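Going by UniProt numbering, the first residue of the sequence shown is number 1, and it counts up by one from there. This report refers to the structure that appears directly beneath it.
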Amino acid sequence: MLDAAKTAEKTARNAGENLLEVNNIEVIYNHVILVLKGVSLNVPKGSITAILGGNGAGKTTTLKAISNLLQSERGEVTKGTILHMNENVAELNPSALVKRGVIQVMEGRHCFEHLTVEENLLTGAYTRTDGKAAINADLEMVYDYFPRLKERRKSQAGYTSGGEQQMVAMGRALMSRPDMILLDEPSMGLAPQLVEQIFEIVKKVNEQEGVTFLLAEQNTNVALRYAHYGYILENGRVVMDGPAAELRENPDVKEFYLGMSDEGRKSFRDVRSYRRRKRWLA
Ligand SMILES: Nc1ncnc2c1ncn2[C@@H]1O[C@H](COP(=O)(O)OP(=O)(O)O)[C@@H](O)[C@H]1O
Ligand SMILES: [Mg+2]
């Protein structure tokens, strides 16, 4: 797996083509609360790029800024630019962005609870105009990636497990035939084994369908094993970025985000030095 990850990393870097570029954006909520303080990131075509960081770091805000979902939150991008395929997309609404091939899977999954699993998946195809046969073929494609959903196709989504709902949300996104998926906190609330399963599917979709992923994760450990490149966000700023393999080996990342250091696992006793060094890191 290491070798495959390295190859993919190299391919993405060599291709040198960014599907998405976020340049120095600032986001303010309610006209006064400055949350993103100049965030820049690049998402190479074909990559899995991760935005990492603790609760409240600004990961969701970054994704919502990209997909233009901030308005309903009384949030606004007040500085910087967001380019998709070298075109400014700041003024587009979310459905125009879906037409460009960029779709967001929101944090917390958001299924239509009263619809069945299959009906939920089909809602993902609403922008498509290529006919029923093509849509049915993609439904089968989704069921190939998520066999569990095929078993549960007739079940009401509201009665499925958290893991299944995450799969429904991802499957629904795939039904729009995206080039790029913005995936917010896919591991949230899931047991470790399921988290691993979800990331395996992300990897497969990335490799087999060529879908580019920008994912936000608090679970640094799993994200850095599957992503090619990572940006660490703290308090609305990128404090570190690099190829995932390098971040995994970085002593500060190990200590603060992977819960380990040369001396072994960190405990809550270390919280004081943690705060001190974290200030320095930021
Ligand atoms: N609608 C909102 N109004 C005001 N503040 C918000 C809103 N949404 C998020 N925030 C604040 O912005 C910061 C970043 O939040 P968020 O982007 O959700 O972080 P993350 O996804 O990394 O946990 C937090 O301090 C949060 O309280
Ligand atoms: Mg979030």
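Think of the CB as a built atom: it goes at the ideal place given N, C-alpha and C, for glycine as much as any other residue. Keep in mind the model is a prediction, meaning the values are calculated, not measured.
When distances are taken from the beta-carbon of lysine 59 to the heavy atoms of ligand 2, the shortest one is below 7 Å.
The region 67-76 and the region 40-52 do not touch, with fewer than 3 CB-CB distances between them shorter than 8 Å. For asparagine 88, the pairing in a beta bridge is given by DSSP as Leu83.
By the C-beta density criterion, threonine 127 is exposed, having fewer than 16 other C-beta atoms within 10 angstroms. Listed in chain order, the alpha helix (DSSP H) runs fully inside the region 140-199 are 147-151, 162-174, counting runs of at least 4 residues. Apart from sequence neighbours up to five positions away, the residues of its chain that approach glycine 210 with a beta-carbon distance below 7 Å are Gly46, ordered along the chain. Counting C-beta atoms within 10 angstroms of its own C-beta, histidine 31 has fewer than 16 neighbours from the protein chains shown and is therefore classed as exposed.
Asparagine 68 is not bridged by DSSP to any residue.
When DSSP reads this structure, isoleucine 48 sits in a beta bridge with Phe213. Annotated three-state conformation of glutamine 218 is coil, per DSSP. Ranked by Cα distance from glutamine 197, the first of Met175, Thr49, Gln166 is Gln166.
Under the three-state reduction of DSSP, threonine 129 is assigned to coil, being neither helix nor strand. For ligand 1, a non-hydrogen atom lies closer than 7 Å to the CB of alanine 216. The C-alpha of proline 178 is placed about 8 Å away from the C-alpha of arginine 100.
The alpha-carbon of valine 77 is positioned some 42 Å away from that of glutamate 151. With a cut-off of 8 Å on Cβ pairs, the region 202-218 is in contact with the region 45-65, counting three or more such pairs. Between leucine 182 and leucine 63, the gap from beta carbon to beta carbon is short of 8 Å.
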